[in-house]
Amino acid sequence: MGALKRAGLITVARGTGGAELAHTPKEITLLDIHQAVESTNLDDVIGIHERGNHTCPVARNIHDVLKDAYAPVAKAMSDSMREVTLANMLADYRNRIGVKARQLEQ
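Numbers in our numbering are just positions in the sequence shown, counted from 1, shifted up by 14.
What follows is the structure, given as structure tokens:
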């Protein structure tokens, strides 16, 4: 909750007041949520081994080579996450719960 509050996505009332969204669900994206709660940047999602042997030509250059290759992947991922809103996810959740509830009635 603290990370979401620091990111300005929720407000928290003292005591038992609970938490509320600081924006409408349509205004909050999956990217916003990811950036608030994940410790890694999207550029770091595809990790690269940090302890390479620096006498090895592959280990010395792999970071730069992979960074260039991964950049478009990270951008596509970011763009895709920006398109998904909390409203989209809530609607999907409600639809799934509705289907399950109807299945239980049968």
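Idealized CB from N, CA, C, for every residue including glycine. No experiment lies behind these values; they were computed from the predicted model shown.
- The Cβ-Cβ distance between Val98 and Leu44 falls below 8 Å.
- In the structure shown, Glu34 falls within a strand segment according to DSSP collapsed to helix, strand and coil.
- In this chain, Val87 is not harboured by any beta strand (DSSP E); it is covered by the alpha helix (DSSP H) spanning 71-97.
- Nearest to Asp46 by alpha-carbon distance, out of Ile76, Ala17, Gly29, is Ala17.
- In the same chain as His68, and ignoring 5 residues on each side of it, the C-beta atoms closer than 6 Å to its own belong to Arg74, in chain order.
- One alpha carbon belongs to Asp82, the other to Ile76, and they sit about 10 Å apart.
- Between Asn55 and Gln49, the alpha-carbon positions lie close to 7 Å from each other.
- Residue pairing from DSSP places Thr43 in a beta bridge opposite Thr99.
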